[in-house]
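Residue numbers (this note's numbering), protein chains in the order written: chain A, 4 to 236; chain B, 3 to 366; chain C, 972 to 1265.
Since the structure comes first, as structure tokens, the remarks are kept for the end.
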Amino acid sequence: MLEVKGLVAGYAGSEVLHGIDLVVNDAEGVIVLGPNGHGKTTLLRAITGLLPPRAGQVLFDGKDITRWRPDVIAAAGVVHIPQGDLLFPEMSVFENLLMGAYHGPTWSGRKARLERVYELFPWLKERGGQLARSLSGGERRMLALARGLMSQAKILLIDEPSLGLAPLTTQQIYASIRTVKEGGMSLLLADENANHVAGLADRVYLLETGMLVREGPAQELLHDKALLESYLG
Amino acid sequence: MSVRAAAPTAIARPAVDQAAAPWRRVSLIAVAGTVLAGIALPWVLTRLDIGDYLITLLILFFMQAVVAQSWNLIMGYGGIYSFAQVALFAVGGWTTAVLASSLGWNPFVAILFSPVIAMIAAIGIGLPTLRLRGVYVVLLTLAFHELARVFTVTGPRFISGGGYGLVSVPTFQFGDVIGERRTIYLYYLAMVIFAIASFVIWRVIHSPLGVAVTALRDSETYAVSRGINQFRVRLILFAISAFFTGLAGGYMTHYNGGISTSVFDFPRLIDLLAMIVIGGWGTFAGPILGAGIIIGLDQYLVAIGDYRALFEGLILAGIAVFAPQGLWPLIRKTYDKYLGPEPPPPPVQADQPIAAAGAADGGG
Amino acid sequence: MHDTQIVQAVWGGVLFGSVYGLMALGLTLVWGAVRLLNLAHGAIFVVGAYAAYWVVSSLHQPILVALPVGVAAAAAFAYVMHLVFIRPVLGKPGFDNSTLVATVGISISVSAAALLIFNPEYKVVPPVLSGSTIVAGVQITYQGLLVIVTSLALFAIVYLFLTYTRHGMAIRAVSQQMEAASLMSIPVVQTYGLVIAISGALAGLAGVLLSPSFFLNPQSGFNPMIQALIVTIFGGLGSIRGALVAGFVLGVFESFVEVFYGVAWAQPGVFILIIVMLIVRPNGLFGIGEVKRL
């Protein structure tokens, strides 16, 4: 469904990704594991159009989306839940959720989507009027995830879902992601530690200084403690 | 640094850093040549029929260039969107007008107060204004512009002249000299003012103050974290800018023999803005070039009348969006590419090992 | 203090307030959404007024036909301005500089073009509602009432649009967190264009409704521009509520100063109030300062 070929990307003066090849198939959960600073966020940003790639291709459902604008990519079904949440601070929880469903056809089905999201995180319904900027770290993460789920996503790209969260919230977040995946959603998850992703992952890539150094089925890689330790520390 | 020098000597001398000594970059010959040309010019021009007219144009050019440079100092280098420049020009002009016509002072003495009062006014405007973010500065300075204008129209008689401005202000008198000679003396006076202003502004730009101001403009938080007092630096810049603007205002008052509220007219403000934008925003020579262009072209554009404003506006908008750096940097680049001196050769790579003694000190 | 004077001052205040608010609404909307200080706002106002004038005088249509034409012309002009002069510099570091100078240049061009197309003579734009009535010795014009009603209605409409509609919320989203908005499939650049067009329509409407009360000439845009700027900053850049409240506060203030101290003091009085406000509380009445990014 999502194919990345030879992706090269970076910021002014430096190259961060040196040619990435990866694939996410339908209903697959793919994890990109890597220490901080090695290009996970850059990879997701390059795929979803926030950062124009310098070389390479990104294909989605057979279409070449490499040079597409981020809003067009999102409309096509590639939805990015970014690091840092990037909520709309002066809008309420409810409004943030609605914005997730901005896309035309999605908008008409927003009520049903809201119900599904409320099932996952009931507090969103109770505190719908609260301004996003007054939420705690864990609540923001849940809202960001829920907002992404309101959309027309066929594949979700999630950047470090547990970054900075307390253990209980972390569990909640991964549990919700697992629920979503079990519903058939394709996932590309960028993460720094392998602890919680076992239930979601079908395949794993290891990313090191901008290059993918290993790939394999989740059972293999995630349980190879020695490998993970030497690699992730 | 040649290969020959690198090989045997153990001491490596650092190359002279061209950027560190900006005055060394300006060719003394070029400056001296320009100055001599400026001095000789009027004598040459008076031989021509339209000579007198051209000298008048040059005087206008000198004064506009001073104001444009001063405004560019705070807008281009300082990044402060002040629209009070014209008001400060007026303050300078009115100061000397009042001193000369109401108190009967000699213009040469009265004019000395123009820059001082303008500077005081600038500090007065700057104190509330320079604390605010860019957008608010526009408004506050426009408000001062309006207040000044209203004051000169409805103020006490010795200032407003009954709403018509001050119309019989004594002009510069150089002994008994009249006619052509007098025009030439007026020219020299204007040229001296221009030269002094340009020199001071050039020095300020290349001084620690100038560096501080551009640092503030480009990255305020970083500059402040390095200890630059943003408020004080901006205020000083504002005062310097007002000094020369006021002086120019004073000169024009005695040159014209009067000053009226038409100095506040928007088209004049726009002309000044155009000089800076078209010439080169934030460069030293830009406003001078811009002043030359606007004043030079103006004479031709009179023929097309009202289309002038239309073109000026469109060109202003077009350059701001599509060529924001202005003409001067473009000219500079073309010059460097085709006529400039060859760039210094890249440092020589020493692939073969230097003599053992030389290698021991780490290769420099 | 005569009863008539108070009624005059109040009527003037409400009328001025509505006018100021109407002018400021478009300006504050654009600032809030695009962070653009649109100094061509007054020019767009004039475009609307002259377009309506042209429809009435050259096409011999009634003012009710000319009104929507004026609004549409202003909106279209604003949108073209966005395409040519704003869009190319969106997101670039020199955005503030470029747009400041560009909008000033456009203002000059518009007044020059108006001078060339029409001439410097004052033009008369007919009011939508003519006639007046006398209340407590004060002349209340029907056009004035229309202006007040329209202004308040527009504030309500814009507020409802921004709060409850999909596109209105998208405009707010884009202004608060641009990247996230594009990740929600909101087309950012088009949204900017939409806001600029809406603000143009508002300026054009103001132009058509207000020009009957003065003589329309090519310089007519400058005063409304300054007034809009003052009210917008007084109320707090980007705040709709601020524009409304500030409009009325300044309108009432100016009206009372005018009635009780004379016309000569009205404008300077307002200026001094502005200066005081900017020193004491630069963010304006409802300004929120920099919006924090989450």
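Where is the CB? At the ideal position from N, CA and C, for every residue including glycine.
Would you kindly work out how many angstroms separate the C-alpha atoms of B/LEU274 and B/THR154, rounded to a whole number?
Those two C-alpha atoms are separated by around 21 Å.
Between the C-alpha atoms of B/VAL249 and C/HIS1012, what's the straight-line distance to the nearest angstrom?
It should be pointed out that residue 249 of chain B corresponds to Leu in this sequence rather than to Val. Cα to Cα, the separation comes out at about 35 Å.
Please confirm if C/ILE1245 has its CB atom under 7 Å from at least one CB of chain B.
Closer than 7 Å to some Cβ of chain B, the Cβ of C/ILE1245 qualifies, so yes.
Around the Cβ of C/TRP1025, are there at least 16 other Cβ atoms within 10 angstroms (buried) or fewer (exposed)?
With 16 or more other Cβ atoms within 10 Å, it is buried.
Can a CB atom of chain F be found closer than 7 Å to the CB of A/HIS226?
Checking the listed chains, one finds no chain F in this structure; the protein chains it contains are A, B and C.
In terms of alpha-carbon separation, which member of A/LEU152, A/ILE34, A/LYS8 and A/SER165 lies closest to A/GLY22?
The option with the nearest alpha carbon to A/GLY22 is A/LYS8.
Where in the segment 23-55 of chain A do unbroken runs of the beta strand (DSSP E), each at least 3 residues long, occur, reported from the N-terminal end onward?
Complete beta strand (DSSP E) runs here, min 3: 32-36.
Output, in chain order, the set of chain C residues within a Cβ distance shorter than 8 Å of B/ASP308.
Correct list: ALA1083, LEU1086 and LEU1087.
Among the residues of its own chain, which have a CB less than 6 Å from the CB of B/GLY81, if the five just before and after it don't count?
These residues qualify, in order along the chain: ARG219.
For the pair the segment 74-89 of chain A and the segment 143-162 of chain A, tell me if three or more CB-CB distances fall below 8 Å.
Yes: at least three Cβ pairs fall under 8 Å.
Please report the residue range of the alpha helix (DSSP H) in which B/GLU148 lies.
136-156 is the extent of the alpha helix (DSSP H) around B/GLU148.
Use the C-beta contact count for B/ILE296: other C-beta atoms within 10 angstroms, 16 or more gives buried, fewer gives exposed.
Flag for B/ILE296 reads buried.
Tell me whether C/SER1170 is buried or exposed, calling it buried when 16 or more other Cβ atoms sit within 10 Å of its Cβ.
C/SER1170 comes out buried.
Cβ of B/GLY163 less than 7 Å from any chain C Cβ?
Judged by the 7 Å Cβ criterion, B/GLY163 is not in contact with chain C.
Could you work out which residues of chain C lie near A/GLU98, taking near to mean beta carbons separated by less than 7 Å?
What A/GLU98 touches in chain C: MET1140.
Exposed or buried, which one is A/LYS228 when buried takes at least 16 other CB atoms within 10 Å?
A/LYS228 should be labelled exposed.
Closest to A/ASP29 by C-alpha separation, out of A/ARG143, A/SER189 and A/ASP88, would be which residue?
It is A/SER189.
In its own chain, which residues sit with a C-beta less than 8 Å from the C-beta of C/ILE1111, not counting the 5 before and 5 after it?
Correct list, in chain order: TRP982, SER1103, THR1104 and ILE1105.
Which word fits C/GLU1261, buried or exposed, when buried means at least 16 other C-beta atoms lie within 10 angstroms of its C-beta?
Confidence is the limiting factor: at C/GLU1261 the pLDDT is only 43, short of 50, which leaves the residue's position unreliable, though a coordinate-based value still follows. Counting Cβ neighbours within 10 Å, C/GLU1261 comes out exposed, since fewer than 16 surround it.
On a CA-only basis, which of B/PHE266, B/VAL226 and B/ARG205 is nearest B/TRP96? Give me that one, please.
The shortest Cα separation from B/TRP96 among B/PHE266, B/VAL226 and B/ARG205 belongs to B/PHE266.
Can you give me, in chain order, the residues of the segment 1201-1233 of chain C that have a beta carbon less than 7 Å from any beta carbon in chain A?
Flagged: no residues at all.
Between C/LYS1263 and chain B, is the shortest Cβ-Cβ distance under 7 Å, so that the two count as touching?
For C/LYS1263, the pLDDT reaches just 27, beneath the cut-off of 50, and the residue's location in the model is therefore unreliable, although a value from the coordinates is still provided. Taking Cβ atoms only, chain B never reaches closer than 7 Å to C/LYS1263, which makes this a no.
Against chain A, does C/MET1155 count as a neighbour if the rule is that its beta carbon must be under 7 Å from one of theirs?
Yes, its Cβ sits closer than 7 Å to a Cβ of chain A.
In chain order, what residues of the same chain lie with their CB nearer than 8 Å to the CB of B/TRP204, ignoring the 5 residues before and after it?
Cβ neighbours of B/TRP204 beyond the five flanking positions: PHE286.
Confirm, please, whether the CB-CB distance from B/VAL202 to B/VAL215 is below 7 Å.
Result no, Cβ atoms of B/VAL215 and B/VAL202 do not sit closer than 7 Å.
What are the complete alpha helix (DSSP H) segments, minimum 4 residues, inside the segment 81-127 of chain B?
Complete alpha helix (DSSP H) runs here, min 4: 87-103 and 109-112.
List the residues of chain B that C/GLN1238 touches, going by C-beta distances under 8 Å, in chain order.
Result: GLU148 and VAL152.
If you check the beta carbons only, do B/GLY292 and B/ILE280 fall under 7 Å apart?
Cβ atoms of B/GLY292 and B/ILE280: closer than 7 Å.
Which residues of chain A have a Cβ atom closer than 8 Å to the Cβ of C/GLN1148, listed in chain order?
Those within 8 Å of C/GLN1148 in chain A are LEU89, LEU90, PHE91 and PRO92.
With respect to the alpha helix (DSSP H) encompassing B/ILE198, which residues constitute its N-terminal and C-terminal limits?
181-207 is the span of the alpha helix (DSSP H), which, as asked, contains B/ILE198.
Count the other C-beta atoms from every protein chain shown that fall within 10 angstroms of the C-beta of A/HIS226, then say buried if there are 16 or more, exposed otherwise.
With fewer than 16 other Cβ atoms within 10 Å, it is exposed.
Which residue comes first and which comes last in the beta strand (DSSP E) that contains B/SER170?
Looking at the DSSP string, B/SER170 is not in any beta strand (DSSP E), and its letter there is neither H nor E.
Where do the N-terminal and C-terminal ends of the beta strand (DSSP E) with A/LEU10 fall, by residue?
Start and end: 5-14.
Taking A/MET145 as the reference, which of A/GLY132, A/THR212, A/SER154 and A/VAL120 has the closest Cα?
Checking every option, the nearest Cα to that of A/MET145 belongs to A/VAL120.
Our contact map puts C/GLY934 next to B/ALA319 with C-beta atoms below 8 Å; I'd like the distance itself, whole angstroms only.
Given a span of 972 to 1265 for chain C in the structure shown, any question on residue 934 of chain C remains unanswerable.
May I have the straight-line CA-CA distance separating B/LEU329 from B/ALA67, to the nearest angstrom?
Roughly 15 Å separates the two Cα atoms.
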